[in-house]
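First the structure, in the form of structure tokens, and then the observations on it.
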Amino acid sequence: MRVALRRLIGLIAFLVLWEVIVRVGLLPSNVLPPASTVLVRFAGLFGNADFITGAVSTLLSWAIALGLTVLIAVPLGVLLGSVRWLRLSISPIVEFLRPLPAVALIPLVILLLGSDAQTKITLAVFASVWPVLFNTIYAMGEIDRQILDTARVYRTPPLRQLFTVLLPSIAPFTMTGVRLSASISLIVLVTTEYLTLGTVGIGQFVYFSGTTSGRMDMVLAATVFIGLAGYLVNSGLLGVQRRWLGWAAAGGAV
Amino acid sequence: GCSALNGSSSGDNSSDSSSGGLEKTKLNVGILTGQQGVSTKLAEKYGYFKDQGLEVTSKMFASGPAAYPELLNGNMDFIITNYISFFQAIAQKTVQAKIVVDVDQLNENGLVVIAKQGSGIKEAKDLVGKKVSIHQSASVADVLLRATLKDHDVDPNSVHYQQIKFPDIPAAIQAGTIDAGVELEPYITQAEKQGAEPVLKIVTGSTANITAAGYIALDSFIEKNPKTVAAFQRAMVPAQKAAADRTKLLEVLPDLTGVDKDTASLLNIDTFPTSVSASQLQRVITVMQNYGGLTAQLDANQYIVPTPQV
Amino acid sequence: MTRSKWFDFGRRWLVFVAFLVVWQLVTKAVDDPYFPPPTDILAAAKDAFFGNTALTDDILPSIGRILAGWGISVVVGVPLGLALGRSPVVTDYVSPMFFFARSVPAALLVPVFLVAFGIGPRMEIITILWGTIWPILLNTIDGARAVDDVKIETVRAFRISRADWIFGVVLPTALPKVFAGMRLGLSLAIILMVVAELMGGSTSGIGYQMILTQSSFVLSQMWAWIVLVSLLGYVANLLLSMAERRALAWHPGFQTEAAM
Amino acid sequence: MPTMLEVSGLKHRFGGGEGAHTAVRDLSFTVETGELACIVGPSGCGKSTMLRCIAGLIKPTGGTISLHGDKVEGVPGDLAVVFQDYSRSLFPWLTVAGNVEFPLRSAKIPRADRRARAREALESVGLSAAARKYPWQLSGGMQQRVSIARALASRPALLLMDEPFASVDAQTRFELEDLLRRVKQQQGSTVLLVTHDIDESVYLGDRVLVLSKSPASIVADLKVDLPAERDQISTRESAEFVALRAEVARLLRNRTDEAQAAAEDIAEWELSEQETKTEERTS
Amino acid sequence: MPTMLEVSGLKHRFGGGEGAHTAVRDLSFTVETGELACIVGPSGCGKSTMLRCIAGLIKPTGGTISLHGDKVEGVPGDLAVVFQDYSRSLFPWLTVAGNVEFPLRSAKIPRADRRARAREALESVGLSAAARKYPWQLSGGMQQRVSIARALASRPALLLMDEPFASVDAQTRFELEDLLRRVKQQQGSTVLLVTHDIDESVYLGDRVLVLSKSPASIVADLKVDLPAERDQISTRESAEFVALRAEVARLLRNRTDEAQAAAEDIAEWELSEQETKTEERTS
Ligand SMILES: Nc1ncnc2c1ncn2[C@@H]1O[C@H](COP(=O)(O)OP(=O)(O)OP(=O)(O)O)[C@@H](O)[C@H]1O
Ligand SMILES: Nc1ncnc2c1ncn2[C@@H]1O[C@H](COP(=O)(O)OP(=O)(O)OP(=O)(O)O)[C@@H](O)[C@H]1O
Ligand SMILES: [Mg+2]
Ligand SMILES: [Mg+2]
């Protein structure tokens, strides 16, 4: 309960700081509307049918993207983390692919997949695979050798070793990767929607009801929604981490 | 086929009902935001497409270049693009396509340079050494501003060009991030509310009434579906006329721009031509050759499908 | 280099060359303007990068922004992460903002940044900072929390000074994870450089050129810029993994290998 | 001799609610300055927990600990600990020498001095050759000796050692025992040492504290009346030594058996004062 | 009795180039099925390395190891190991019972059977009460016993134990020693056990292998001619026991001293066959 109180205090301090920055005139209020205005707009969003449609689409795409990310990156990370020659052979290609900016790839992906949701999901997965992949590969390198030796000595079959030894060992750090990926994929989804306007989503909503009409309050209200969604999912994942990985010293607070 | 992901609006385009001898009746078209999408929306609303036996689903794109991949991969049958992009694409041989409908001609109040009130910028030569936004390099705004500067005997390279997107220009001017910017509607009207004013016309003189955007289709599509193309062109004629009617325009514009009705009623409205004109398009090519880095010699006649007589 | 190292070297580049060959063959066969073959890209790269001012106008400034944004993220994120990782109470106060801010797309905030920081390197660096700090911060926090109990007790029993505790114990423990975060941050920095140059008013830079060539359909040059970005990421990663190999030389279970 | 350490009524309970576990129950004893007290007791009885409390690493749930008459709150100054889990208490990123020098660095001891002390400590535990290796390159016994060297190098007034010689061979163990007594004599350190080796407890200690089964309380507090200078062969052959080790063994066996028999009425034990009775009831 | 394990010419060098360290040099011995062989040797001499080689965890740089006449490549079947670093060999995410059951689950033993065996094993090491705790809630000695229980529960044909009783008290140690001999007798397991306790090596073993200082080679291979049934009190008092332990102690001391004196001509030692000579040269 103390923790919740501290968080609340932190949040309120942040909102007050925001409000003050605007009220004092450090930034013009049409560029950065005060927190109070934005919060009122935010409450209003839930009565807006366009917004609801967009939010449903974005959140659904997010769930799909995150699921795909985990399904692709964790097995791949375990594989690359344990098979040295494979990691060495593939690393040049991985290292060339990784810095590719999703925004520059938009037309290429549209050409291949069309401009519906699959494009933004693909781009989101492409961008968010890396944190999980890398944290998993790193975690594989950090497993205590004594633990691995123990598993080997008792002839744990490979598959069982994977589920009962490797995954628990890497889970805390992989989970950090998943939480990073969660925010990255949400960002890529919204940015893609915003830049292409091709699919329904929060990004598209922001463009039409915020950007094009110069309504920064609407932009920020939607931003608050995005941030809140990120917050909730992150907290959920953290809860999972605390519940199931409580034995590990690691396991984030953020 | 997931309606929640794509919003509920996307229609099914699988089955082909053959009616009126058209090769294809279900069409997907890509449109742009703002006034350039108005006529298509009106055609949908008032059934001009249906009158021609067409079932059209429109989809919005942020900019011309963004829609090309969808044209190329066959998801879109027609897309609206600005002509600057189109001729660049032609010159780069990225597409083999023709203009089927001329959608939007600029008028002198629809695309102007704006600056803060009392900024001291009043004419072309005042822009020398100033930071001026042109939305994006090699865009319509860029090319027309350079042409206008040249018309006023100002060296186009004496201005610091900045790439700030049309929607962000008013705030950037107000904050002093830039001195001036080429702006279009509906942002001009919004900027005026925030203390900016038009200071220089750039759709005037050699660029007066220059045509800006239109529907294109791939050559292969046009060859295979001549009747469909003609039907589409016929449907767009009343649509273009309707767009020129402010009351009708106001019915659909808010959906295309996000502006409220009050602002929309103050907007400067473009011209909506009802036929494709090779000479108009040749002017675009000339301006691009002079100011837009286009080196190819293009003949506008080769890139149009004349509008059929109704 | 020993024999086996040469063998590794050969094998990994063999895979890469095979990848290039497949790419060439597929793009030739498909013949799509959006997917030019590598040979065309190479030719376009010559036009784009040489015999003009691309190096000084576009490439170096962009690299500078990436390094600045990423560098600040490291300089701020690592110490902050170490501190937060070891002080759960402070973390409780700030975590909501972190949770929150992390998911906010920089693209939506560009107008605010533009007004607050003006056009130019400052705004671009802030944008890059906005995106890169999270993986570095988060990984560092997680790393800092991983100090095992016996080591904490050892440090306390021997009254290890605060500085030695942070730099002598927490930092080395966190280091593998810090490196993971820095690597992720680096590739995000490159991506955000493109976003910043796309939306932030700049008229030069790698990202600017990438988007310009894309919107004017000079697609083989666009690919040349894309490949340049890849190459940059590759080299940056190579340097980082060399640094990492030095810093983690003590690590028993860790085989970090430079990508070469 | 002044009192160095005074433990009175020490209690510690881990956790709360159903899973709570009382590890230490009502421990009281004092240790004089310069004394070497050995602690023996069954596995899991609470010896390590007690040492942790004395080191200020865990806050006991009851009772007080005083050093030089001051109540211990937090980690006292001038203390060194050899942990039972020695392999985890070494820092894998530091070399052996680095590990030994690490506490000295925090104590702001000049570099040259630090080096010299570390070299000397490593030499005394027979690890000069391994100074530049990393802990994971050492055998278990070598790691344990590094952790002993680290504690010795910091020349503490109070030295807490938790089964410090558990993983070294007999020969080395003898040497380390003698080293420890020598160091204690020279530096006047007070030492509290947990061991499972009854012979060792008598040979090393000036006192032997025998603990009961979990939760720990004091069964006996034996004074070891052997000369301060001891010898591995002659001391171990002396009649006092043999008598004392037999007594410690008896006490331990006794307590264990009785504990099993009387597991129910644990609460009634008031053992710390009942040494005499206990001694009469030998099996 | 058929030969269970045959080690011949075993060598192991860690690392390469300048930092190379030869841990084991030319070890050869055999162990019969059902035998319990104790290994003693100075700290850091290469005992754990040898066990790791036999368990197939590290590939020796030279020599061969055969089990039942088959060369060992990788981890052989039907093997259990108690690691010296017991605390790190327990899975922190499993309870004590979960840790003990772990190998049984891999061996596809039915659930009820598994439970029963784990319960039994934990009971035999005196940890029934701790079955549902997590390893970090246990004392050092308790953790070590969990790791012994895990090894016993899997009822291996070959059991490798690296200082398995280092952290338990004397009383428990005696009980575990007797337990081990009983289990070996009943199940016919072959056991290889490293210890630093000379008494223990003689009391427990059917054979005692004495290793030299690093790099390890065999100094002596002593047959323990005590009856199969042993008793903590009477056996330890028997003349053979006393004689044997004195001999082991002598061998160890000797080797250590000589090693220091003759550190230079290490390469010339051919010790494994020279037990008799060694025995004559007692100090
Ligand atoms: N991973 C390693 N890298 C390099 N050297 C090592 C490694 N592991 C062990 N050694 C060295 O090998 C030698 C033998 O180690 P080992 O652990 O086998 O000794 P041991 O006989 O088990 O000693 P102890 O009784 O102290 O456990 C030691 O000198 C040690 O320094
Ligand atoms: N963190 C903990 N949480 C809960 N219980 C604990 C914890 N640490 C220790 N215990 C319990 O406290 C008791 C005493 O533990 P302690 O480590 O002090 O024993 P010990 O006397 O040092 O035993 P050993 O000789 O085996 O090391 C044990 O029964 C153990 O289960
Ligand atoms: Mg203990
Ligand atoms: Mg060992």
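Top to bottom, those sequences are chains A, B, C, D and E.
Under the numbering used here, the very last position in the first sequence is 302; numbers go up by exactly one each time.
Under the numbering used here, the very last position in the second sequence is 320; numbers go up by exactly one each time.
Under the numbering used here, the very last position in the third sequence is 397; numbers go up by exactly one each time.
Under the numbering used here, the very last position in the fourth sequence is 392; numbers go up by exactly one each time.
Under the numbering used here, the very last position in the fifth sequence is 392; numbers go up by exactly one each time.
All C-beta atoms in this analysis are idealised placements derived from N, C-alpha and C, irrespective of residue type, glycine included.
Straight-line gap, residue i to residue j (C-alpha atoms, nearest Å)
| i | j | result |
| --- | --- | --- |
| residue 249 of chain B | residue 50 of chain B | 7 angstroms |
| residue 189 of chain D | residue 212 of chain D | 9 angstroms |
| residue 141 of chain B | residue 112 of chain A | 44 angstroms |
| residue 367 of chain C | residue 346 of chain C | 15 angstroms |
| residue 368 of chain E | residue 322 of chain E | In this predicted model, residue 368 of chain E has a pLDDT of only 47, less than 50, meaning its place in the structure is not dependable; the value taken from the coordinates is given anyway. Cα to Cα, the separation comes out at about 7 angstroms. |
| residue 219 of chain C | residue 377 of chain C | 20 angstroms |
| residue 85 of chain A | residue 257 of chain A | 16 angstroms |
| residue 370 of chain D | residue 182 of chain D | In this prediction, residue 370 of chain D has a pLDDT of 47, which is less than 50 and means its spatial position is unreliable; what the coordinates show is noted afterwards. Distance between the alpha carbons of residue 370 of chain D and residue 182 of chain D: 38 angstroms. |
| residue 319 of chain B | residue 362 of chain C | 47 angstroms |
| residue 173 of chain C | residue 310 of chain C | 46 angstroms |
| residue 152 of chain B | residue 352 of chain C | 13 angstroms |
| residue 124 of chain D | residue 170 of chain D | 10 angstroms |
| residue 111 of chain D | residue 274 of chain E | 38 angstroms |
| residue 255 of chain A | residue 103 of chain A | 14 angstroms |
Residue i: contacting residues in chain E (beta-carbon distance under 8 angstroms)
| i | result |
| --- | --- |
| residue 276 of chain D | 152, 193, 272, 275 and 305 |
| residue 195 of chain A | 197, 198 and 200 |
Residue i: contacting residues in chain B (beta-carbon distance under 9 angstroms)
| i | result |
| --- | --- |
| residue 351 of chain C | 75 |
Contact list for residue i against chain E, beta-carbon separation under 7 angstroms
| i | result |
| --- | --- |
| residue 203 of chain A | 184, 186 and 215 |
| residue 362 of chain D | 280 |
C-beta atoms of residue i and residue j nearer than 8 angstroms
| i | j | result |
| --- | --- | --- |
| residue 197 of chain E | residue 195 of chain A | yes |
| residue 116 of chain D | residue 199 of chain D | no |
| residue 243 of chain C | residue 364 of chain C | no |
| residue 146 of chain D | residue 324 of chain D | no |
| residue 210 of chain D | residue 223 of chain D | yes |
| residue 270 of chain E | residue 191 of chain E | yes |
| residue 203 of chain D | residue 113 of chain D | no |
| residue 160 of chain E | residue 327 of chain E | no |
| residue 88 of chain B | residue 39 of chain B | yes |
Bridge-paired residues (DSSP) for residue i
| i | result |
| --- | --- |
| residue 123 of chain D | D:130 |
| residue 225 of chain B | B:90 and B:111 |
| residue 171 of chain B | B:142 |
| residue 117 of chain D | D:173 |
| residue 363 of chain D | In the DSSP output, where bridge partners are listed per residue, residue 363 of chain D has none listed. |
| residue 68 of chain B | B:39 |
| residue 168 of chain D | According to DSSP, residue 168 of chain D bridges with nothing at all. |
Closer than 7 angstroms at the beta carbon, the chain D residues around residue i
| i | result |
| --- | --- |
| residue 305 of chain C | 211 |
Option in the options with minimal Cα separation from residue i
| i | options | result |
| --- | --- | --- |
| residue 214 of chain E | A:199, A:230, A:225 and A:70 | A:199 |
| residue 229 of chain B | B:239, B:112 and B:206 | B:239 |
| residue 299 of chain E | E:272, E:268, E:161 and E:306 | E:268 |
| residue 278 of chain C | C:228, C:380 and C:297 | C:228 |
| residue 263 of chain E | E:227, E:361 and E:357 | E:227 |
Closer than 7 angstroms at the beta carbon, the chain A residues around residue i
| i | result |
| --- | --- |
| residue 164 of chain E | 201 |
Partner residues on chain C for residue i, Cβ-Cβ distance less than 8 angstroms
| i | result |
| --- | --- |
| residue 189 of chain D | 294 and 295 |
Under 9 angstroms by beta carbon: chain D residues contacting residue i
| i | result |
| --- | --- |
| residue 309 of chain C | 200, 201, 202 and 203 |
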